[in-house]
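Q: The numbering of the sequence shown is UniProt numbering, which starts it at 1 and goes up by one.
Glycine is no exception: its CB is placed at the ideal position from the N, C-alpha and C atoms.
Being a predicted model, the structure only gives us computed values, none of them experimental.
There's a structure below that I have some questions on.
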Amino acid sequence: MRRNYFVESLPAQSLFGRVTVWLITKLLRLVFHYVCAGKGSVLEYIYKMSNLEDNDSEDIDISGDEADEVDGYTSSDETEGESEYEDSGEDTNDETEPEPEPDFEMPWTQNGIPRPAFPFTSNSGVQVPAKSNPLDIFEIFFDESLINLIVEETNRFAIQYIIKNGENIRPHSRVRQWKETNTNEIRTLIGLLILQGLCPKPEYKMYFSRRESIETPFFSKIISEKRFHLLLKFLHFVDNSTINANTKNRKLAKVLPLLNLLREKFMTSYVPERDIAIDESLIGWKGRLGWKQYIPSKRKRFGIKLFALCETSGYMYNFIIYTGADTIYEAQHSQEPVTSRIVLSLVDSLLDKGYRLFLDNYYTSVDLVHKLVKRRTDCVGTIRANRKGIPKDLQVKLSKGQSVARYNRKIMIQKWHDKKDVLMITTLHDKTMEKVLTKKGEIEKPTCVLEYNKKMGGVDLADNYLHYYGTARSRVKKYYMKMFWHFLSVTTLNSFHIYKRNGGRLKRINFLLELGEQIVRKYSSQITFGTRRSRAPMPSRFIERHFPSVIPPTTKQKPTKR
1 MRRNYFVESL
11 PAQSLFGRVT
21 VWLITKLLRL
31 VFHYVCAGKG
41 SVLEYIYKMS
51 NLEDNDSEDI
61 DISGDEADEV
71 DGYTSSDETE
81 GESEYEDSGE
91 DTNDETEPEP
101 EPDFEMPWTQ
111 NGIPRPAFPF
121 TSNSGVQVPA
131 KSNPLDIFEI
141 FFDESLINLI
151 VEETNRFAIQ
161 YIIKNGENIR
171 PHSRVRQWKE
181 TNTNEIRTLI
191 GLLILQGLCP
201 KPEYKMYFSR
211 RESIETPFFS
221 KIISEKRFHL
231 LLKFLHFVDN
241 STINANTKNR
251 KLAKVLPLLN
261 LLREKFMTSY
271 VPERDIAIDE
281 SLIGWKGRLG
291 WKQYIPSKRK
301 RFGIKLFALC
311 ETSGYMYNFI
321 IYTGADTIYE
331 AQHSQEPVTS
341 RIVLSLVDSL
351 LDKGYRLFLD
361 NYYTSVDLVH
371 KLVKRRTDCV
381 GTIRANRKGI
391 PKDLQVKLSK
401 GQSVARYNRK
411 IMIQKWHDKK
421 DVLMITTLHD
431 KTMEKVLTKK
441 GEIEKPTCVL
451 EYNKKMGGVD
461 LADNYLHYYG
471 TARSRVKKYY
481 MKMFWHFLSV
491 TTLNSFHIYK
501 RNGGRLKRIN
511 FLLELGEQIV
521 RKYSSQITFG
531 TRRSRAPMPS
541 RFIERHFPSV
551 IPPTTKQKPT
561 KR
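Here is the structure:
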């Protein structure tokens, strides 16, 4: 047995002494093997070991190319506790990718040079002939091609359903009374759905009820209850026989043709003004759906998430439906990180025109802002402190009201402490502060914060509009029908914005009332089937306070007379 004479020769009267001797022995063996392996001198090895120990005891700079990868992206409202629940266990294909290193040098300075906004060169405004009639504006979006698509697929689906379930359909089922629909009837149905948004009722059958307390005779004069329910049952937008396991983005297959047509109309009928914003929105849905999302900061909380680009007025210019890993983006941006892919796909047609884009901290990064600057697009938004490329000296602690800023060519990052630290990234502003009057008195706020609060709410404004007088129903069995009703409401909202741009004076509720009545008035008169028979006026004996009186019998056999 080999004995370690070096260890035995050293004093080791205590446990501490024995541990010290053991560590020295290990170190000498490591040095010996390192030299024998030809990897350098003993001095070089000791120097590297000492540097390693120093790095363990000191703060490590994580900026630049040596930074560790940050966590994957979460929800845009992470500070409000959303990211923990956003997926809610429903979608296991959520995309999370590490943030890339900024592809440019970052010489941050304390003082910036003048950074004027890019010149605005877009031909913004209404891109269709000026019209002041609500129906004419609405038919820009729901044009003949879209209505023909609905008619064709509705008739096709009805036939497929009857053939498939023919033996199981009950003898007296209303399905056996199905007749092919036409463009006039579908337009009338859409007009009735718009009007129903102005007088919501818990169930559709209540619109056709004859009960005096809830009766709305207008609907039963236009179409019968059976026909109305049949149209809703078979309303369809795609041929089901073309959908299979290999269909691209199968989750949206049943409504994708409709969405593509509407998106194209939204983008070609109106071009936004200079200030635009990107944010999340929800289509309310609590049923079973693999890609359903939970966002507690939204009004509806549960539903189908979409990313929307809106003008500050609330006009929805572009949108992307989130379906997990197979979400559809623009092909040219498919290699970008997820959040950059969302932004660049939505704003693609508006790049190089001097737009000012407002984003929240879910989307912003130094790398994304640099790419937008290359495409002559300004950007303002909040940014997370752990994003790569942010200068390390912005990590200083600030007292309430203090701010510090760093510049890199056209980009400025400003940190301001109010109730907590607020980190802003902007290509438009400098670190100037403005005095504002609040409930607690006059305080100073950064100019970029004030403009961000003013211009960021385009998507939330659209959501607020859609909450009132919308056509969407709270209880729907098919998720794609919920999406159809939602985008029908979006279409009426966009029509209203164009109406106002053309000088219209009606309020939104009156605009919707006029639109629904114009549709029904124009197209319902041409329907030749499906309406309820008119009722004759009620006899006066049923509505007046006169009742028959009984004449008591007499002993006479002849008829009694008064």
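1. Alpha carbon to alpha carbon, how far is PHE511 from ARG505? Give it in angstroms, no decimals.
2. When you compare only the Cα positions, how much space is there between LEU195 and PHE208?
3. Which runs of the beta strand (DSSP E), 3 residues or longer, sit entirely within the region 395-449?
4. To the nearest angstrom, report how far apart ILE243 and GLN160 are at their CA atoms.
5. So what's SER281 in DSSP terms, helix, strand or just coil?
6. Label ASN408 either buried or exposed according to how many other C-beta atoms from any shown protein chain fall within 10 Å of its C-beta, with 16 as the threshold for buried.
7. Is THR20 helix, strand or coil by DSSP?
8. How would you label THR491, buried or exposed, when you count the other beta carbons within 10 angstroms and need 16 or more for buried?
9. Under 8 Å by Cβ, that's how I've got PHE484 and VAL151 pegged, so tell me the actual separation to the nearest angstrom.
10. Per DSSP, which residues does THR382 bridge with? Please list them.
11. To which residues of the same chain is ALA462 closer than 8 Å at the C-beta, ignoring the five residues directly before and after it?
12. How long is the line joining the alpha carbons of GLN110 and MET412, rounded to whole angstroms?
13. Does the beta-carbon of GLY530 have 16 or more other beta-carbons within 10 angstroms, so that it is buried, or is it exposed?
14. State yes or no: is the C-beta of VAL373 within less than 8 Å of the C-beta of THR427?
15. Label ASP352 either buried or exposed according to how many other C-beta atoms from any shown protein chain fall within 10 Å of its C-beta, with 16 as the threshold for buried.
16. Do the region 450-465 and the region 277-293 meet, that is, are 3 or more Cβ pairs less than 8 Å apart?
17. Tell me whether GLU95 sits in a helix, a strand or coil according to DSSP, three-state version.
18. Which two residues bound the contiguous beta strand (DSSP E) that contains PHE307?
19. Hey, would you say LEU344 sits closer than 8 Å to THR382, going by beta carbons?
20. Straight-line CA distance for residue 568 to ILE425?
21. Is the beta carbon of VAL520 sitting closer than 8 Å to the one on LEU198?
22. Look up LEU357 in the DSSP assignment and give the residues it is bridged to.
23. Straight-line CA distance for LYS419 to ARG384?
24. Would you mind reading off the limits of the alpha helix (DSSP H) that contains ILE509?
25. On the DSSP letters alone, give me the boundaries of the beta strand (DSSP E) that MET316 sits inside.
A: Here's the rundown:
1. 9 Å
2. 14 Å
3. 403-408, 411-417, 421-426, 433-438 and 441-446
4. 14 Å
5. strand
6. buried
7. helix
8. buried
9. Contact flag wrong, Cβ pair sits at about 14 Å.
10. MET424
11. SER281, ALA308, CYS310, GLY314, TYR315, MET316, VAL490 and LEU493
12. 10 Å
13. Its pLDDT being 47, under 50, GLY530 is placed unreliably by the model, and nothing is read from it.
14. yes
15. exposed
16. yes
17. Its pLDDT being 49, under 50, GLU95 is placed unreliably by the model, and the measurement read from it follows with that caveat. Coil, per DSSP.
18. 302-311
19. no
20. Any answer about residue 568 is impossible in this case: the structure gives the chain only from 1 up to 562.
21. no
22. ILE276 and CYS379
23. 16 Å
24. 508-523
25. 316-321
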